[in-house]
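What follows is one structure encoded as structure tokens, with my remarks underneath.
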């Protein structure tokens, strides 16, 4: 049996949640971290933790094929896929005014891309015959309506179902699929409204009273990567400070 470290592919790895996950996994895995346009951030990740970086436009079929070909030619295996790459709408518009172009861009990036990257990764895992694990990083927006970014909410709701579909299909094959649902995490994405979210968290929006950090999400991925949830196919992990709790 090979003593080589397992291989993890983390999409959207240059910043935020993806970076936190990549740094954590690099302790035990050979990490391939993808980026879309920010090469500087990707190179910084590579310098920090030794990750191999590769450009990926997840909405593009050819780009998905390219990254999978790269992983298999370089390492000959894939043990863990973390579908983290995603985007918010470029402009927040009321759903009465939002455009079809924005809807298509967000859904293609956040839903169609990860869905078919998972298809490619799952087939590679099956061909290798070592089993594997797949993680979908979704959002509390998969069940929380924000009427000024409907396309984002719909994309994340669809991704939650994608996780269930792949979990049901791959569990009999020895491949575990899991969903991690982050809450309000301190990343570049929320910088313009960070003060507002901190105030809401401290006033009771989040029972634990603080916003999340990328390391909180990385800790959940760590549990999956270490096999702690291997008998929990399709499990949804709420990493949200208790936001999902309904209380009176």
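In this note's numbering, the protein residues as written are 172 to 419.
Cβ atoms here follow ideal geometry from the backbone N, Cα and C, with glycine treated the same way.
Subject >> Those residues which DSSP pairs with residue 407 across a bridge >> reply: Against the chain shown, residue 407 aligns to sequence position 236. Answer is 350, bridged to residue 407.
Original post:
What residues match up with residue 305 in a beta bridge as DSSP calls it?
Top reply: Position 134 of the chain shown, counted from the start, is the residue given in the question as residue 305. According to DSSP, residue 305 bridges with 252 and 348.
Original post:
Using a Cβ-Cβ cut-off of 6 angstroms (strictly less than) and excluding sequence neighbours within five positions of residue 231, which residues of its own chain qualify?
Top reply: What you label residue 231 is simply residue 60 of the chain shown in a count that begins at 1. Nothing listed; no residue qualifies.
Original post:
Can you name, in chain order, every residue of its own chain whose Cβ lies under 7 angstroms from the Cβ of residue 380, other than the five neighbours on each side?
Top reply: For the purposes of this step, residue 380 is identified with residue 209 of the chain shown, where counting begins at 1. 372 and 373.
Subject >> Residue environment, residue 177, which counts as buried when at least 16 other CB atoms sit within 10 Å >> reply: The residue given as residue 177 occupies position 6 in the chain shown. The residue in question, residue 177, is buried, as its Cβ has 16 or more Cβ neighbours within 10 Å.
Subject >> Local conformation of residue 318 per DSSP, three classes >> reply: The residue you call residue 318 lines up with position 147 of the chain shown. Secondary structure at residue 318: coil, using DSSP grouped into helix, strand and coil.
Original post:
In three-state DSSP terms, what is residue 383?
Top reply: Residue mapping note: residue 383 aligns to position 212 of the chain shown, counting from 1. Assigned with DSSP and collapsed to three states, residue 383 falls in strand.
Subject >> First through last residue of the beta strand (DSSP E) which encompasses residue 179 >> reply: Numbered from its first residue, the chain shown carries residue 179 at position 8. Run containing residue 179: 178 to 181, per the beta strand (DSSP E) assignment.
Original post:
Just to confirm, are residue 247 and residue 303 a CB contact at a threshold of 9 angstroms?
Top reply: Along the chain shown, read from residue 1 onward, the residue named residue 247 stands at position 76. Along the chain shown, read from residue 1 onward, the residue named residue 303 stands at position 132. For residue 247 and residue 303, no; Cβs fall outside 9 angstroms.
Original post:
Using 8 angstroms as the Cβ pair cut-off and three pairs as the minimum, do the segment 320 to 337 and the segment 279 to 287 touch?
Top reply: yes
**OP:** State whether the segment 210 to 220 contacts the segment 179 to 191, with contact taken as three or more CB pairs (one from each stretch) at a distance under 8 angstroms.
**Re:** Contact between the segment 210 to 220 and the segment 179 to 191 is present, because at least three Cβ pairs lie under 8 angstroms.
Subject >> Any 3 or more C-beta pairs closer than 8 angstroms across the segment 245 to 261 and the segment 272 to 281 >> reply: yes
Subject >> Proximity of residue 191 and residue 386 at Cβ, strictly below 9 angstroms >> reply: Position 20 of the chain shown, counting from 1, holds the residue named residue 191. Position 215 of the chain shown, counting from 1, holds the residue named residue 386. For residue 191 and residue 386, yes; Cβs fall inside 9 angstroms.
Original post:
Taking the alpha carbon of residue 413 as the point to measure from, which residue in 323, 401, 377 and 398 has its own alpha carbon closest?
Top reply: By 1-based counting over the chain shown, the position of residue 413 is 242. It is 377.
**OP:** Assign residue 402 to one of three DSSP states: helix, strand, or coil.
**Re:** Start at 1 with the first residue of the chain shown, and residue 402 comes out as number 231. Correct three-state label for residue 402: coil.
Original post:
What is the rounded straight-line gap between the Cα of residue 411 and the Cα of residue 236?
Top reply: As a position in the chain shown, residue 411 is number 240, starting the count at 1. As a position in the chain shown, residue 236 is number 65, starting the count at 1. Using only the alpha carbons, I get a separation of about 33 angstroms.
**OP:** With DSSP as the reference, please indicate the residues paired to residue 226 in a beta bridge.
**Re:** Taking the chain shown and counting its residues from 1, the one referred to as residue 226 is at position 55. BP columns for residue 226 point to 206.
Subject >> Reference residue 310, options 408, 202, 180 and 205, closest by Cα >> reply: Residue numbering aside, residue 310 sits at position 139 when the chain shown is read from its first letter. If we check each option's Cα against that of residue 310, 408 comes out closest.
**OP:** With a cut-off of 8 angstroms on the beta carbons, I'd call residue 209 and residue 264 a contact; round off their distance for me.
**Re:** Walking along the chain shown from the start, residue 209 turns up at place 38. Walking along the chain shown from the start, residue 264 turns up at place 93. That belief does not hold up - the Cβ atoms of residue 209 and residue 264 are roughly 25 angstroms apart, past 8 angstroms.
Original post:
Which residues mark the beginning and the end of the alpha helix (DSSP H) in which residue 285 is found?
Top reply: Position 114 of the chain shown, counted from the first residue, corresponds to residue 285. Here the alpha helix (DSSP H) through residue 285 covers 284 to 299.
Subject >> Range covered by the alpha helix (DSSP H) that runs through residue 241 >> reply: On the chain shown, position 70 is the one that residue 241 refers to. It spans 232 to 246 - the alpha helix (DSSP H) in which residue 241 sits, taken as one unbroken run.
Original post:
How many Å lie between residue 207 and residue 326 at the Cα?
Top reply: Reading the chain shown from its first residue, position 36 is the one you call residue 207. Reading the chain shown from its first residue, position 155 is the one you call residue 326. Going by the C-alpha atoms only, they are around 19 angstroms apart.
Original post:
Under a three-way DSSP split, which group does residue 190 fall into?
Top reply: Here residue 190 refers to the residue found at position 19 of the chain shown. Residue state, collapsed to three classes: helix.
Original post:
What residue range is occupied by the uninterrupted alpha helix (DSSP H) comprising residue 377?
Top reply: Residue 377 sits at position 206 when you count from the first residue of the chain shown. Neither: residue 377 is in no alpha helix (DSSP H) and is coded neither H nor E.
**OP:** Look up residue 340 in the DSSP assignment and say whether it is helix, strand or coil.
**Re:** In the chain shown, residue 340 corresponds to position 169, counting from 1. Correct three-state label for residue 340: helix.
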